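Before any comments, here is the structure.
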Amino acid sequence: MALIAPSMLSADFLDLGKDIELVNRYADLFHLDVMDGTFVPNISFGFPVINALAKKAEKPLDVHLMIVNPEKYVERFAKESHASMISFHYEAAREKSSDVIRLIRECGVKPGIVINPDCPVESIFQYLEEVDFVLIMSVFAGFGGQKFIEDSHSRIRHLKAEIDRRGLGVKIEVDGGVDPSNAPELIRDGADILVAGSSVFRAPDPVKAIAQLRGE
Ligand code: DX5
Ligand code: ZN
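Heads up, this note's numbering is the position in the sequence shown plus 14, with the first residue counted as 1.
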């Protein structure tokens, strides 16, 4: 069964406690989007918000770094924010990727590598033996509420086939425009973790939306 990771970028920041409770009770992970205004053309939130959320979180924190020089902040997200998973963009690290993965693992956190929709899936095949998960962006990183890019299905299937061919246990996470209409196919493609922002927090009934994403 796929894990559901609500993206807190779409949460109600005036009543964050309520949305934290929703994830604690009905979902599996807190997906936290960290944007620096340089790697992506948007700025989200950082340590004060995430560390406060961490105090109330009863589910693991999945930190998605959309920042340049991710290695600078890995230790703080691990130690201060108690992240369980940290992913960084291959496009932001390139040849430093193995070092960033190693650093994340040394901090006792599960490492993941992320690629945007225009980055060939094969580019990260060389890291499959090193990571715990790959995050496939199904929109361009930077904003919530964008439309799902259909081509993502074949990219996930291609990645899944390579993971299976090598006999690895690497998990696949999908992020961007995920909703109950595309979730069943994403799970069939091989996705293990579904990130969902607007389709959960903007839904009239978020509890129902989470159940629908699970295929219930
Ligand atoms: C986009 C972020 C996503 C975003 C998803 O850069 O990585 O996690 O919040 O939001 P939706 O589900 O609304 O596309
Ligand atoms: Zn994200």
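In this text, a Cβ means the ideal position worked out from N, Cα and C, and glycines have one as well.
Computed from a predicted model, the values in this text were never measured in an experiment.
Taking the alpha helix (DSSP H) that H172 belongs to, which residues open and close that run? Where H172 is concerned, the enclosing alpha helix (DSSP H) starts and stops at 166 to 179.
Regarding V209 and the ligand ZN, is the C-beta to nearest heavy atom distance less than 7 Å? With a threshold of 7 Å, the Cβ atom of V209 counts as near the ligand ZN, since some heavy atom of the ligand is closer than that.
Out of curiosity, what's the CA-to-CA distance linking E136 and V148? Cα to Cα, the separation comes out at about 12 Å.
I need the boundaries of the beta strand (DSSP E) containing F102, first residue and last residue. F102 -> beta strand (DSSP E) spans 99 to 103.
Do I81 and D50 come within 8 Å of each other at the CB atom, strictly closer than that value? Taking 8 Å as the Cβ cut-off, D50 and I81 qualify as a contacting pair.
Restricting to Cα atoms, I'd like to know which of M15, I118, K32, R216 is closest to D76. Comparing C-alpha distances from D76 to each of M15, I118, K32, R216 shows the shortest one belongs to I118.
Confirm the yes/no value for this check: CB of F44, any heavy atom of the ligand DX5, distance under 7 Å. It does not: the Cβ of F44 is nowhere closer than 7 Å to a heavy atom of the ligand DX5.
Give me, in chain order, the residues of the same chain whose beta-carbon lies closer than 6 Å to that of G158; leave out the 5 immediate sequence neighbours on both sides. L23, S24, G211, S212, listed in sequence order.
Find out if the Cβ-Cβ distance for the pair E187, V153 is shorter than 8 Å. Not closer than 8 Å, so no.
Using a threshold of 7 Å, is the CB atom of A155 nearer than that to any non-hydrogen atom of the ligand FMN? No copy of the ligand FMN occurs in the structure displayed; its ligands are the ligand DX5 and the ligand ZN alone.
Going by CA-CA distance only, name the one from V48, R228, D206, P218 that's closest to P194. Of the candidates V48, R228, D206, P218, the one whose C-alpha sits nearest the C-alpha of P194 is R228.
Below 7 Å, is the gap between the Cβ of M80 and the nearest heavy atom of the ligand DX5? At least one heavy atom of the ligand DX5 is nearer than 7 Å to the Cβ of M80, so yes.
Please determine whether the Cβ atom of V184 lies at a distance below 7 Å from any heavy atom of the ligand DX5. The answer is no for V184.
Does the Cβ of D26 have 16 or more other Cβ atoms within 10 Å, making it buried, or fewer, making it exposed? Classification for D26: exposed.
G31 to D219 span [Cα, whole Å]: Spanning the alpha carbons of G31 and D219 requires a straight line of approximately 17 Å.
So is R180 buried or exposed if we call it buried at 16+ other beta carbons inside 10 Å? Under a 10 Å Cβ-count criterion, R180 is classified as exposed, with fewer than 16 other Cβ atoms of the shown protein chains found around its own Cβ.
State the Cα-Cα distance for the pair I138 and E85, rounded to the nearest angstrom. Spanning the two alpha carbons is a distance of roughly 18 Å.
Is it buried or exposed for L28, if we count other Cβ within 10 angstroms and need 16 for buried? Exposed, since its Cβ has fewer than 16 Cβ neighbours within 10 Å.
Please work out which residues of its chain come closer than 7 Å, Cβ to Cβ, to G190, disregarding the five sequence neighbours upstream and downstream, and give them in chain order. For G190, where only same-chain residues beyond five positions count, the Cβ hits under 7 Å are M151, S152, V153, Q160, F162.
Can you tell me where the beta strand (DSSP E) with D33 in it begins and where it stops? For D33, no beta strand (DSSP E) run applies; the uninterrupted alpha helix (DSSP H) run containing it begins and ends at 30 to 40, by DSSP.
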